[in-house]
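Input: a single structure, listed below in structure tokens.
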Amino acid sequence: MQKFLKAMYESIMVLLVMLTIITLWTQNTYNSTINWVVWFVFFVDFLIRFLLSEEKWIFIKKNPFLVIAIIPFDQFFQVARIVRIFYFFRIKTIAKYYILPYVNKMNFQSLTLIVLFLLALFFMEGIVILNVEETVQSYIDALYVIIGHMLFFGHEIFVIHHSLSIWLLTITSVLGIVIQGVALQWGFSKVEWLYKKTKHSWDSKRAS
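Just so you know, the sequence shown maps onto residues 991 to 1198 in this note's numbering.
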């Protein structure tokens, strides 16, 4: 029961991330309020986790980007592009914090099936976007929109109006965060393995 409640809670946190992503693409007087509310929820969550951790300094060292993400730097700037960069950083950091632990528990076969499923999903999403968005003129453009949102949240690549497209691309952005996080972790693990192997080889040569 406790695991179920934990999964539900973290799913809600991911939905809040998705809500924040939507505010990046829509012009609404409530966007600032939504971003403040979402930031406050994540700040309280971080504060509770920090206070409950037995080794507080270790917690900070393990989550340095999360510490930076909860600081509202965006409120100190008026330039929209700078504010958007802070939004992107915060969204990516928070989403990876809640999603990656579940991804890391999957085995190679599960990850392979998920990758194949996501590829099929993205190709189908391209068909939907091509048919509902007037600014997207070809299937290549539709795939370009999807890749843009997956890697960079795709703001202003194409003007997206349809609510279905917005929700699909929001999900794509969240999936992109996960994919980037997994890729970075894989890269870091390979670099660490290479470093240890080189160091071991060097130590062996010195010992002999």
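All residues carry an ideal CB built from backbone N, CA and C; glycine is no exception.
From a predicted model like this one, the values you see are computed outputs, not experimental measurements.
Considering Cα atoms alone, identify which of the options is closest to residue i.
| i | options | result |
| --- | --- | --- |
| V1118 | K1095, M1096, V1168 and W1157 | W1157 |
| H1139 | E1123, L1103 and T1160 | T1160 |
| T1102 | I1169, W1192 and V1027 | I1169 |
| G1166 | L1109, I1061, L1154 and L1042 | L1109 |
| V1034 | I1048, I1060 and H1151 | I1060 |
Give a yes or no on whether 7 Å exceeds the smallest Cβ distance from residue i to chain D.
| i | result |
| --- | --- |
| L1005 | Chain labels in this structure do not include chain D; a single protein chain is all it has. |
Between the alpha carbons of residue i and residue j, how many angstroms are there, rounded?
| i | j | result |
| --- | --- | --- |
| K1180 | F1098 | 16 Å |
| A997 | Y1087 | 13 Å |
| Q992 | S1128 | 48 Å |
| K1195 | E1182 | 20 Å |
| V1105 | W1029 | 31 Å |
| L1005 | Y999 | 10 Å |
| H1151 | L1120 | 12 Å |
| W1026 | D1193 | 53 Å |
| F1032 | M1003 | 8 Å |
| K1051 | R1039 | 14 Å |
| S1100 | P1091 | 15 Å |
| Y1185 | S1001 | 36 Å |
| M1114 | G1177 | 29 Å |
| I1058 | K1095 | 26 Å |
| E1045 | F1107 | 40 Å |
Check the C-beta distance from residue i over to residue j and give it rounded, since I have them as a contact under 8 Å.
| i | j | result |
| --- | --- | --- |
| V1149 | T1188 | Going by Cβ atoms, the distance from V1149 to T1188 rounds to 50 Å, so no, they are not a contact pair. |
| L1056 | T1083 | 6 Å |
| F1112 | I1130 | In fact, because the Cβ distance is near 13 Å, the residues do not count as touching under 8 Å. |
Between which residues of its own chain and residue i is the CB-CB distance below 8 Å, once the five residues before and five after are set aside?
| i | result |
| --- | --- |
| L1154 | V1118 and V1122 |
| A1173 | none |
Below 7 Å between beta carbons: does that hold for residue i and residue j?
| i | j | result |
| --- | --- | --- |
| G1116 | L1133 | yes |
| F1049 | S1043 | yes |
Using C-beta distances below 7 Å, list every residue in its chain close to residue i, excluding the 5 sequence neighbours before and after it, in chain order.
| i | result |
| --- | --- |
| W1047 | none |
For residue i, which residues in the same chain have their Cβ closer than 6 Å to its Cβ, ignoring the five residues on either side in sequence?
| i | result |
| --- | --- |
| S1191 | none |
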